[in-house]
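Protein chains in written order, with the numbering used here: chain A, 5 to 210; chain B, 5 to 210. For glycine and all other residues, C-beta sits at the position ideal for the given N, C-alpha and C. Just below is one structure, and these are the notes that go with it.
2 protein chains.
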Amino acid sequence: MQQDNRSARVKILAAAVQLFAEYGYHASSMREIARIAGIQAASIYYHYPSKQALLVEIMQVHMNQLNTNLERIIGKPHNFEQCLYDAFSNHIILHTTYKPEFFIIDTEIRALDPENRGRILCLRDQYEDLIQGLLQEGMEQGVISQTDVKIASYAIIAMCTEVAQWFRPGGRLTVQQVIEIYFQMITKGLLNLKDNAEIAEESAHI
Amino acid sequence: MQQDNRSARVKILAAAVQLFAEYGYHASSMREIARIAGIQAASIYYHYPSKQALLVEIMQVHMNQLNTNLERIIGKPHNFEQCLYDAFSNHIILHTTYKPEFFIIDTEIRALDPENRGRILCLRDQYEDLIQGLLQEGMEQGVISQTDVKIASYAIIAMCTEVAQWFRPGGRLTVQQVIEIYFQMITKGLLNLKDNAEIAEESAHI
DNA sequence: GTCTATATCGGGATAGAC
DNA sequence: GTCTATCCCGATATAGAC
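The structure is reproduced here in structure tokens:
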């Protein structure tokens, strides 16, 4: 038997992440969080003022991480294609590495009280603005074709976020392979519907 | 003042949809559902055996509608491109028309007890299988390029589902225009990253 | 810093009158 | 078919000892 040397604060937050992700915020009790952390429910209140504070902490830490990384990627001098790759790579890596945390961010916004909700939604808007600015840059450079930046950003963010739902570390694909596939789908088309001329040409080559 | 002629069953379910979507299943009380439906909480139990039954009813009705429509679209003799269009058109139209209902389906699976969860997840798997079968058909016909069918289906479903989050009826775009944009993004690429030869060619044309 | 004990509240569901 | 009244439970959070 090894003892668990993590601080109580860390163990409490880890337990909250696990339960909020599996059962949802409202279905998770402070008693159960405490049980998993190995303490009594009342002891949580020495470290955190409320259950809501646990949720806010989880969301803030990881939204800040997502934004800070993206700011660093976009902020330095760059080649557009590489920058685009790094941006979505960051999104997919964080969402798969911290799957329960980002799942909570995506599903428990409504469990926040109005003040906290505003703060977290502001971080999400910042992230979307950064992504949209990057796409805008590519369009202005003529490196990507003209498109509705907002719609494209929402579509890409949605499909990259969803990766975390099915990705299994140690499975058929590594995360780097998944990133490569998604980058290809985003920049070269998901399905590549061929017109009749293309189909005829391909048949001729056989 | 007009009286509300809908049956009690309908009013109860509509109230449940509204509250489950806005606050989540566990954060919505039977008392509040009853208040919105204009009756007492105890009266709900004449129409539905439990709160869980309300959730199951909402999910089943709309997943069945989604599947039934798609089966009809795929089942009849068809041109592949048109069929693909109709399939995603069905997805986007239902998800925007019944936005709260599908939002509940997407976020409250974990609120179902194990037996009900299995039943609903089975309907979702059926839907994914139908979409994947369609993509497989297109690949075998050579109408779309070789791709990982599962990954492509997950990516496309995710981006089409997300439309409901930002789409506003009466806004800048009609739902038909949105469907057209998404069909283009899916079949012709979201961003269309150009290589250097293409950029040079475009410059030459100016 | 963690405990036991408890205050206080609101939840789902039921009984039985009308 | 809807009501009032209520049971019973588990929730968050606090008080105060150690």
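(request) Taking all protein chains shown into account, decide if B:Ile203 is buried (16 or more other Cβ within 10 angstroms of its Cβ) or exposed. (result) exposed
(request) Compare the C-beta of B:Ser157 against all C-beta atoms of chain A and say whether one is closer than 7 Å. (result) no
(message) Judging by CA-CA distance, which residue of B:Ile109, B:Leu98 and B:Glu206 is the nearest neighbour of B:Phe171?
(response) B:Leu98
(request) Would you kindly work out how many angstroms separate the C-alpha atoms of B:Ala31 and B:Glu141, rounded to a whole number? (result) 44 Å
(message) Across the region 22-30 of chain B and the region 113-122 of chain A, are there enough close Cβ pairs to call them in contact, namely three or more that are closer than 8 Å?
(response) yes
(message) Please list, in chain order, the chain A residues whose beta carbon lies closer than 9 Å to that of B:Glu141.
(response) Those within 9 Å of B:Glu141 in chain A number zero; the least Cβ separation is about 12 Å.
(request) For chain B, find out if any of its Cβ atoms is closer than 7 Å to the Cβ of A:His30; answer yes or no. (result) yes
(request) Along the alpha helix (DSSP H) that carries A:Asp117, what are the first and last residues, could you check? (result) Premise fails: A:Asp117 is in no alpha helix (DSSP H) and is neither H nor E.
(request) Answer yes or no: the CB of A:Ile37 versus the heavy atoms of the ligand SAM, is any distance below 6 Å? (result) You won't find the ligand SAM in this model; it holds no ligand whatsoever.
(request) For A:Val147, go through chain B and note every residue whose CB falls closer than 8 Å to its CB, in chain order. (result) Leu197, Lys198 and Ile203
(message) Would B:Arg114 pass as an interface residue toward chain A - the criterion being a Cβ-Cβ separation below 7 Å?
(response) yes
(request) Specify whether the region 167-184 of chain B and the region 168-183 of chain A touch according to this definition: at least 3 beta carbon pairs, one from each stretch, less than 8 Å apart. (result) no
(request) Give a yes or no on whether 7 Å exceeds the smallest Cβ distance from B:Ile20 to chain A. (result) In the sequence as displayed, the identity of residue 20 of chain B is Ala instead of Ile. No, its Cβ sits nowhere closer than 7 Å to a Cβ of chain A.
(message) Less than 7 Å between the C-beta atoms of B:Gln145 and B:Phe92, yes or no?
(response) no
(request) Inspect the beta-carbon positions of A:Ala38 and A:Ile48 and report whether they are closer than 7 Å. (result) yes
(request) Would you mind working out which of A:Ile161, A:Asp152 and A:Ser11 sits nearest A:Tyr131, comparing C-alpha positions? (result) A:Ile161
(message) Would the region 177-190 of chain B count as touching the region 178-188 of chain A if we require 3 or more Cβ pairs under 8 Å?
(response) no
(request) Could you have a look at A:Leu197 and say whether DSSP puts it in helix, strand or coil? (result) strand
(request) Using a Cβ cut-off of 9 Å, pull out every chain A residue sitting near B:Tyr27, in sequence order please. (result) His30, Arg114 and Ala115
(message) At the 7 Å Cβ level, is B:Met63 part of the contact set with chain A, yes or no?
(response) no
(message) If you reduce the DSSP assignment to three classes, tell me which class A:Ile16 lands in.
(response) helix
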